[in-house]
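K.L.:
Take the position in the sequence shown, starting the count at 1, then add 89; the result is the number in our numbering.
Before we start, here is the structure in question, set down as structure tokens.
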Amino acid sequence: MKPSNFLQKASSILESLRKDLLFRTLEVPSGFDLSSNDYLRLSKHPRLIQSLKEGLDRYGAGSGASRLVSGHRDCFDLAERSVSAWTGAEDALFVANGYAANVGLLSCLSNAKTEVFTDRLNHASILDGIRLSGAEKTYYKHLNLNHLEELLKKSSKREKIIVSETVFSMDGDLAPIEELLELKRRYDAVLILDDAHGIGVFGENGEGRASQILGRDKIREVDFITYTAGKALGLEGAWIGTSTIGRDFLVNRMRTFIYSTAPLPAITHSIPTAVDLLQSMKEERTIILRTAERLREMLFEKGYPASNSRSQIVPALFPSEKSVLDAAELCRNEGLHVKAIRPPTVTVPRLRLSVHSDTDEILLEKLISLLPEL
Ligand SMILES: Cc1ncc(COP(=O)(O)O)c(C=O)c1O
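As structure tokens, this is what we get:
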């Protein structure tokens, strides 16, 4: 049988990805994990696992419908209250995952009358949400707020949205949150932050980077903050921290919330346990950030370009796809699970190393000894 047009076209696209060493495959991780976002290893914590089991017993295996139909349960309210109290938000709305949160949020807040100012390195889910909304998308240079302000000044649109990650997922560098808030005030813009990699790791009680920087008095000036439960909270899902009016707006307008089955209730049942555990992990947070600092020093000593990372995410930049794939494979063969990240996810190929609460100096030495000198 002659292959269909689609199969012919797909095969030729896949062939060129293979040729450029950009073909992606799935693999079950093995060896010591240096690439997941389970920064405090909560996904393996006995108390969290127990709480999930209790949730399954109490609420069953699935929610059965969207929350607006018959999928809502009391554990969603409890989880939203728990994360709001933790981060200092007035209210919160729990959704299936961070991707759905960002796509849903950006696409329901903006339309053709809006100009959305997005950091050049923001996550794909943010960019996809802007695209879906039909708003004008304007990139500002990564972390460059002078550039952002120039663009805001030039804008003729009445509705403006500024959106930034707080801890950038592939570079581990940090957004200037106070300055972003200042620009929001000056230009009467909506401010959206994505604290996916800040929650659990930053702040005295793990309340995230936005709350750490802005404190209880200013955090509510940020219109919407996306948090994920699939990273430091060790579960899955996400929530948007906002005002009560903001939450009502999302419940009525956010299509990824309205037209999607409610997340597994057992997950939201377990959220307060994850919050409780994270609040008590001050020491682990200090260790993670100190170990990440040490890793940056060791990479630099081995000839890797200095990175602007100031977080648990530490990129080791490589000159080519081949060199980064070889390094990842060598590490894997020696029992370390590190992941090569390549275009189009990033422009410069890299090992995206993430430091966890159990990453120690011996492990760092092993990793560094396996990496090629640059
Ligand atoms: C900054 C950022 N936002 C959103 C997401 C999406 O979150 P989730 O994995 O829960 O869909 C991710 C995760 O990949 C992320 O890194």
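Using N, Cα and C, we set each Cβ at its ideal position, and we do this for glycine too.
Tell me the rounded alpha-carbon separation between ARG385 and LEU96.
P.N.:
As a first step, residue 385 is located in the sequence shown; it is residue number 296 there, counting from the start. As a first step, residue 96 is located in the sequence shown; it is residue number 7 there, counting from the start. Computed Cα separation, rounded: 45 Å.
K.L.:
Does at least one heavy atom of ligand 1 sit under 6 Å from the Cβ of THR434?
P.N.:
Along the sequence shown, read from residue 1 onward, the residue named residue 434 stands at position 345. Outside the cutoff, so no.
K.L.:
Does the beta carbon of HIS212 fall short of 6 Å from some heavy atom of ligand 1?
P.N.:
As a first step, residue 212 must be located in the sequence shown, where it is residue number 123. Indeed, a heavy atom of ligand 1 lies less than 6 Å from the Cβ.
K.L.:
Keeping to the same chain, check which residues put their C-beta closer than 7 Å to that of LYS307; ignore five residues upstream and five downstream.
P.N.:
Start at 1 with the first residue of the sequence shown, and residue 307 comes out as number 218. Hits under 7 Å: LEU270.
K.L.:
For THR227, name the three-state secondary structure that DSSP assigns.
P.N.:
Here residue 227 corresponds to residue number 138 of the sequence shown, with the count starting at 1. In this structure, THR227 counts as strand in the three-state DSSP scheme.
K.L.:
Need the endpoints of the alpha helix (DSSP H) that VAL413 sits in, please.
P.N.:
To locate residue 413, count along the sequence shown from 1; it is residue 324. Element bounds for VAL413: 410-422.
K.L.:
Counting pairs of beta carbons, one from the segment 190-209 and one from the segment 274-287, are three or more of them closer than 8 Å?
P.N.:
yes
K.L.:
For a quick check, are the C-beta atoms of LYS428 and SER124 less than 7 Å apart?
P.N.:
The count along the sequence shown starts at 1 and reaches residue 428 at position 339. The count along the sequence shown starts at 1 and reaches residue 124 at position 35. In this structure, SER124 lies closer than 7 Å to LYS428 by Cβ.
K.L.:
State yes or no: is the C-beta of SER258 within less than 7 Å of the C-beta of HIS212?
P.N.:
On the sequence shown, position 169 is the one that residue 258 refers to. On the sequence shown, position 123 is the one that residue 212 refers to. Contact flag set, yes.
K.L.:
Kindly indicate which three-state DSSP category ASP284 falls into: helix, strand or coil?
P.N.:
One-based indexing of the sequence shown puts residue 284 at position 195. Of the three classes helix, strand and coil, the one that applies to ASP284 here is coil, per DSSP.
K.L.:
What does the Cβ neighbour count give for TYR316, buried or exposed, with the cut at 16 atoms within 10 Å?
P.N.:
Indexing the sequence shown from 1 puts residue 316 at position 227. Per the 10 Å Cβ criterion, buried.
K.L.:
Buried or exposed: ALA285, going by 16 or more other Cβ atoms within 10 Å of its Cβ?
P.N.:
As a working mapping, residue 285 is identified with position 196 in the sequence shown. With 16 or more Cβ atoms within 10 Å of its Cβ, ALA285 is classed as buried.
K.L.:
Name the two residues that bound the continuous alpha helix (DSSP H) containing ALA355.
P.N.:
For the purposes of this step, residue 355 is taken as the residue at position 266 of the sequence shown. Element bounds for ALA355: 354-368.
K.L.:
Ordered along the chain, which non-local residues of its own chain (more than five positions away) have a Cβ less than 6 Å from that of ASP217?
P.N.:
As a working mapping, residue 217 is identified with position 128 in the sequence shown. The residues are VAL192.
K.L.:
What is the DSSP secondary structure of ARG130, reduced to helix, strand or coil?
P.N.:
Position 41 of the sequence shown holds residue 130. It is coil, neither helix nor strand.
K.L.:
Taking Cβ positions, are GLY289 and LEU367 nearer each other than 7 Å?
P.N.:
For this step, residue 289 is matched to residue 200 along the sequence shown. For this step, residue 367 is matched to residue 278 along the sequence shown. Their beta carbons are under 7 Å apart, which means GLY289 touches LEU367 by this criterion.
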